[in-house]
Structure formats: C-alpha cells, structure tokens
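Each step along the sequence shown adds one to the number in my numbering, with nothing skipped, and position 161 is 156. Each remark here refers to the structure printed beneath this line.
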Amino acid sequence: MSRVGKMPVTVPQGVDVEITADQITVKGANGTLVRAVNALVTVTKDGAQIKLAPANDSVHANAMSGTMRALLANMVNGVSKGFEKKLTLVGVGYRAQAAGTKLNLQIGYSHPVVKEMPAGISVACPTQTEIIIKGADRQAVGQIAAEVRAFRPPEPYKGKGIRYANERVVLKETKKK
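Written out as structure tokens, the structure reads:
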C-alpha cells in the first residue's frame, strides 16, 4: 500500500467533512470544497480522522489512494488555514494594484494588463511591487499565480519580470565582442 495513502487525514475543529458514494465535501472557515471520489479508493470517516484504502490490489488503485489522500489533506488544510502565493515585480516602472476582484498590472507594455480573479480567490498588494494571492483551493491558487507570472516571466539578462517571492533567477552574461 502507498506510504502516503496509509496515513490518515486528521480533521481539525471547525471543519466538517461529508462523504457520499461519489464525492467528498469539506466545509470550514475559508469556504467549501468538493471533490469527486475515485472508484479505486474507499474512503471511511473514523471520528476526527479520515482513512483511505485502495479498493482492490492493483498498482493503479494503490497509487490513487495516495493521490486522493494528498488531495483530501490539501482540502482540509485549505478550508481551515488557506493557501497563499507571493509574487514580486522586478523592473523600473512595474506596478501592481488590487481593485476588488481585479488585479491591474503595469509591466512595461503599452497597455495595462487586467486579470480577473475567480470566485474563492482573493488578491492583495501590500506594496506596488508585491502581489499576494490567497484562497482555499491549493490548485486554483497555484494556477492563478502561474497565469499572472506568465504575463511577464523573468528574462535571463536583467532579471526583469514577475517572479515568485522565493524564486532565484540565474542571470546570463551578455555577449562579448
């Protein structure tokens, strides 16, 4: 059995988990997340713990039990604590501004770039060169951060662009005559 799949998921106080035949619903302070249950995995709730096991002895069922356990742990963590990604803007004149559910970026183009945030995702700009994306769904937060970074990824010669807060950009040396 998968090492990750063997570990039970602990449900903290204030988080409600409902398991039906075809889906798992997790409710908490940060929202509600729903995920379909894979047919190769059996999910059981035992008090404040959720246990997952492969439905049969196949290798694929074993792998899916670990995957479902990781996804379920991310759902529980998301509705209780939430996830966030930090981005920084590097470049002269590069600015970001959060306005409600929109993120306005001035990143060296002749026009401002506007990114609309989906439901469940919030954006904040503590300074003009910092962007913080928060939400309960880990996959959605990472996807939105990747889409914002894709507007102007860091270039390899000066390092200008949008990068993750902990990202290290290796600069190339310019061509010599």
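Even for Gly, the Cβ is constructed at its ideal location relative to N, Cα and C.
- Message: Taking the beta strand (DSSP E) that I116 belongs to, which residues open and close that run?
- Response: Numbered from 1 along the sequence shown, position 121 holds the residue referred to as residue 116. Boundaries of the beta strand (DSSP E) around I116: 116 to 119.
- Excluding the 5 residues preceding and the 5 following P107 in the sequence, name in chain order all residues of the same chain whose CB lies nearer than 7 Å to its CB. On the sequence shown, residue 107 is found 112 positions in, with the first residue counted as 1. Excluding five sequence positions before and after P107, the CB atoms of its chain that fall closer than 7 Å to its own CB belong to N99, L100, Q101, given in chain order.
- Item | Residue from G86, V54, P7 with nearest C-alpha to T124 | Residue numbering aside, residue 124 sits at position 129 when the sequence shown is read from its first letter. G86 is the residue among G86, V54, P7 whose C-alpha sits nearest the C-alpha of T124.
- Quick one: complete beta strand (DSSP E) runs, 3+ long, within the region 65 to 102? The region 65 to 102 contains these whole beta strand (DSSP E) runs: 78 to 85, 90 to 94, 97 to 101.
- Message: Using CA atoms only, rank isn't needed, just tell me which of K171, A24, R158 is closest to K216.
- Response: There is simply no residue 216 to check, as the chain begins at -4 and stops at 172 in what is shown.
- Query: How close, in whole Å, do the beta carbons of V136 and L82 come, if the pair is a contact with beta carbons under 8 Å?
  - Reply: As a working mapping, residue 136 is identified with position 141 in the sequence shown. As a working mapping, residue 82 is identified with position 87 in the sequence shown. Contact doesn't hold; Cβ gap of about 11 Å is too wide.
- T62 - DSSP class collapsed to helix/strand/coil: To locate residue 62, count along the sequence shown from 1; it is residue 67. The three-state secondary structure of T62, taken from DSSP, is helix.
- Item | Minimum length 3: unbroken beta strand (DSSP E) runs contained in the region -4 to 38 | Runs of the beta strand (DSSP E) inside the region -4 to 38: 11 to 14, 18 to 23, 26 to 31.
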